[in-house]
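Chains as they are written, first to last, in our numbering: chain H, 3 to 82; chain V, 290 to 882.
This is how it looks when you write it as C-alpha cells:
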C-alpha cells in the first residue's frame, strides 16, 4: 500500500468519526487542528483505524504517536 | 433504525455515532424524556454516547449527568448541588473488578476473606442506601466480570484467597441485595463479558490507555444490554409474539408435507432444533408474553400441525391464530386489534425474508428480527432483549389466561340482545381501595406501560407511588376486577391531589383489557364518595393528548364534567362541581371498598 492510498482511507475515517466531510489530514496534522479531537475521541479514531487496516496498535505505538504522519508510518509498517 | 437492532456492527456504531445521533433526532418521533445519571468507576464517555443511540432508537430521549472520572462513590454518598438539582429518573452505577479496593491474598483463611467481603460489600451497600434516600429512583448496578488473571490458576476460583472466588462471592451478595430491594437492578456483565469473550472484554490496553474497564469495541454490547433494562423499566417492553408456522415452529410445510411429514421432536437433528425453539417460546409464555400465530395456511392445516403429538406448542397456547392467505402485515394489525395492544408491542418471527420485509415496510413499528438458521432462532430472540424482565408480577404470570378469558367473553357477547344484559351476565366483582404496599410494583408497572386509556400519562417510580400512598394530601385508588371467567387483576389506577376545596386528578388510567365494562364508572363513584367524606366540593380533571391516548379525549365529559379550558396543544381542564348531588353511575359491578 502506498502512502497516498493510506491517506485516502484515513481521510475517510477522519470524516466519518468527526462527521465532517471537509476534513483533509496530512503528515503534520495533530489533535490541535480538529476541534473535536480530544483524548476521549482519540480512542474511537484508533479503533476505526484498526478495523479499517486490520491490525491492532500496541500501547507503545499509541503513546508515542505525535501527529498523523507518524500514524501513517505505523500503518505502513504494520500492513506493508 | 436497522443499524441499532441486534446483531449490530459495533465498530460502525462507534465510528458513525455523530451522524447516527443526528439521524435519530431528526426522525422526530415523539420521545419520552428521561434524566439518567451515570456514576462511573472508570471512563464512561463512550458508554454514554452508545447508550444514547440505543435509547433514542427505543423512543427515549436521555439527558445525562456523568460523574467525574472514577468518582462514583463520592457522587452517590455526597451529591453536589448540580446533581441534586438534576433529579435523575434513573441511576446507572458502572463499576468493574478494577474498583474492588482490596482482594484477599493466597493463604488467607475463610474467616479473613469473609470479613474482607463484608468490607467491600458495605462500601457498595452504603452507596446504594444513600442513593435510595437521596434520589428514590431506580438504580441499575452492574455486577463484576471475572478477573483478567488467575494467580493460583484453577484454584483461584475455589480458594478463599483467590480473586475469582472473591468476585463470585461478592456478586452473590449483590444478588441478595437485589432480591430484598425493589428499584434496584443488577446488570449482568459477568454474563456479557463471558459471552463476548473475557480476554477481549478485559483487554488491559484500554484500561492503561484510556481507563476504560472494558474494551471499546465491546461498549455497544454493554450499552445495548443496558438500554434494554432501561426501556423495560420505563414500560417499553414488547408484549406479544406473532409467529409464522412453516419452517419457523417446525421444519417443512404442513400443507405440502402433511403433519406426519413435519420435522419437530427429538428424532432428527433439525426436529430437535425446532423442538428446542418451541420449548423456549413456551417458557416465554410463562413470563406473560402473548403467543400468536401469523401464517399463510388453511386453518385446518395449521391446527393439524399444532395438534401433532411432537408439537410442544398446542392451539390453546396461542391467543390469536391467524392462519389464512391474507398478507402478513394485515394479519399483524388484526392481532394487535384483537389483543388491544399497539403494533409496536409485537415481535414478528418468520424465517422468510420476503415476509419480514413486507411487515417491516407496512407496519414499521413492529419488531422484526433477522431470524437466520433454526439453530440460532433462540439466540436471535433472546439477545434482542425484547422481553427483558425487570419487575415480574403475579399479573404477568397470569396474563395469557386473562387474554384468553377476554376472547371467551367476546364470543359470549354475540349471544345477547342488549349490552347491559351481557354485562350483568358477567357477574363482575371489583375491589376499589387505596394503594397497598403489596401492590406498589403492579401499580408502578401500570403507570409506566398504559398508553391508551391514560389521561395524563404521568409515569411513576415505585418510590413515588409509595410516597403518594403514604401522603394524606393524596387520594389514591386502585381497582381490581374479576368476573365469572376469571380475575383480571389490578386494572385501574387513580391519583388525586387534595388542595383546599379541590381534588386535582393527576392520574387516571385503565388497562384496555377491561374497556367498556363499566369499571371507570365504578372508580368514579368511589372517588366521588371519598371526596365527599373529605368535604371536597369540586374535582378538576386534566387531559393531556399524546399520540396514543385519543380514546379518552372526551372521558371527563362522559363522566359528567364540564370543560373549563383548552389550550392550543389540545390540553383540556374539566370540572365536576356540586358533588353533594353526585349520582352513582355504576350499574353492573359489585364493589368492595
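For every residue, glycine included, the Cβ atom is placed at its ideal position computed from N, Cα and C.
Apart from the five residues just before and just after residue i, which ones in its own chain have a Cβ nearer than 7 Å to its Cβ?
i                      : result
residue 368 of chain V : 423
residue 793 of chain V : 785, 786 and 829
residue 416 of chain V : 362, 365 and 366
residue 817 of chain V : 868 and 871
residue 456 of chain V : 386, 433, 435 and 436
Among the options, whose alpha-carbon lies nearest the alpha-carbon of residue i?
i                      : options                       : result
residue 294 of chain V : V:807, V:672, V:865 and V:786 : V:672
residue 305 of chain V : V:753, V:292, V:451 and V:737 : V:292
residue 814 of chain V : V:325, V:869 and V:665        : V:869
residue 483 of chain V : V:511, V:500 and V:470        : V:511
residue 431 of chain V : V:397, V:547, V:478 and V:722 : V:478
residue 645 of chain V : V:616, V:565 and V:864        : V:616
residue 231 of chain V : V:877, V:863, V:751 and V:838 : Since the first residue shown for chain V is 290 and the last is 882, residue 231 of chain V is missing from the structure and cannot be characterised.
residue 605 of chain V : V:614, V:595 and V:611        : V:595
residue 50 of chain H  : V:299, V:649, V:812 and V:459 : V:299
residue 497 of chain V : H:32, H:46, H:60 and H:26     : H:60
residue 325 of chain V : V:355, V:743, V:301 and V:832 : V:355
By DSSP's criteria, residue i is part of a beta bridge. Which residues make up the other side?
i                      : result
residue 535 of chain V : V:539
residue 321 of chain V : V:349
residue 722 of chain V : V:767
residue 585 of chain V : V:613
residue 863 of chain V : V:830 and V:852
residue 879 of chain V : V:718
residue 474 of chain V : V:429
residue 775 of chain V : V:772
residue 788 of chain V : V:791
residue 594 of chain V : Answer is none; residue 594 of chain V lacks a bridge partner.
residue 329 of chain V : V:383
residue 743 of chain V : V:798
residue 355 of chain V : V:327
Going along the chain, which residues of its own chain have a beta-carbon closer than 6 Å to the beta-carbon of residue i, five neighbours each way excluded?
i                      : result
residue 561 of chain V : 555
residue 859 of chain V : 834
residue 609 of chain V : 581, 624 and 627
residue 322 of chain V : 350
residue 507 of chain V : 485 and 490
residue 654 of chain V : 632 and 633
residue 520 of chain V : 347
Look at the alpha carbon of residue i and the alpha carbon of residue j, and state the distance between them as a whole number of angstroms.
i                      : j                      : result
residue 881 of chain V : residue 407 of chain V : 48 Å
residue 729 of chain V : residue 738 of chain V : 14 Å
residue 688 of chain V : residue 695 of chain V : 11 Å
residue 30 of chain H  : residue 505 of chain V : 27 Å
residue 399 of chain V : residue 447 of chain V : 11 Å
residue 375 of chain V : residue 583 of chain V : 46 Å
residue 883 of chain V : residue 348 of chain V : The question about residue 883 of chain V has no answer, for chain V in this structure spans 290 to 882.
residue 502 of chain V : residue 481 of chain V : 13 Å
residue 758 of chain V : residue 764 of chain V : 8 Å
residue 892 of chain V : residue 309 of chain V : What the structure shows of chain V is the stretch from 290 to 882, and residue 892 of chain V is not part of that stretch, so it cannot be assessed.
residue 297 of chain V : residue 659 of chain V : 11 Å
residue 911 of chain V : residue 806 of chain V : Coverage of chain V is limited to positions 290 through 882, which leaves residue 911 of chain V absent and any answer about it impossible.
residue 439 of chain V : residue 454 of chain V : 10 Å
residue 401 of chain V : residue 395 of chain V : 11 Å
residue 17 of chain H  : residue 357 of chain V : 29 Å
residue 19 of chain H  : residue 70 of chain H  : 15 Å
residue 230 of chain V : residue 40 of chain H  : What the structure shows of chain V is the stretch from 290 to 882, and residue 230 of chain V is not part of that stretch, so it cannot be assessed.
residue 753 of chain V : residue 592 of chain V : 48 Å
residue 866 of chain V : residue 827 of chain V : 4 Å
residue 466 of chain V : residue 319 of chain V : 36 Å
residue 317 of chain V : residue 800 of chain V : 28 Å
residue 527 of chain V : residue 649 of chain V : 16 Å
residue 567 of chain V : residue 679 of chain V : 24 Å
residue 778 of chain V : residue 690 of chain V : 11 Å
Contact residues within the segment 573-588 of chain V, judged by C-beta distance below 8 Å to chain H: Considering only beta carbons, no part of the segment 573-588 of chain V lies closer than 8 Å to chain H.
Selection of the segment 296-320 of chain V by Cβ proximity to chain H, strictly under 7 Å: Within the segment 296-320 of chain V, those residues whose Cβ lies closer than 7 Å to any Cβ of chain H are, in chain order, 300, 303, 304, 305, 307 and 308.
Can you list, in chain order, the residues of the segment 479-498 of chain V whose Cβ is nearer than 8 Å to any Cβ on chain H? Going along the segment 479-498 of chain V in chain order, one finds 494, 495, 497 and 498 with a Cβ nearer than 8 Å to chain H.
What are the residues of the segment 505-530 of chain V that lie near chain H, defined by any Cβ-Cβ distance shorter than 8 Å? 505 and 506
In chain order, what residues of the segment 31-50 of chain H put their CB closer than 7 Å to some CB of chain V? 42, 45, 46, 49 and 50
Name the residues in the segment 55-73 of chain H whose C-beta lies less than 9 Å from a C-beta of chain V; which are they? 58, 59, 60, 61, 64 and 65
Give the residues from the segment 18-29 of chain H that approach chain V closer than 8 Å (Cβ to any Cβ), ordered along the chain. The segment 18-29 of chain H vs chain V, Cβ under 8 Å: 18, 19, 20 and 21.
Using a Cβ-Cβ cutoff of 8 Å, what residues of the segment 330-361 of chain V are near chain H? List them in chain order. 332, 334 and 335
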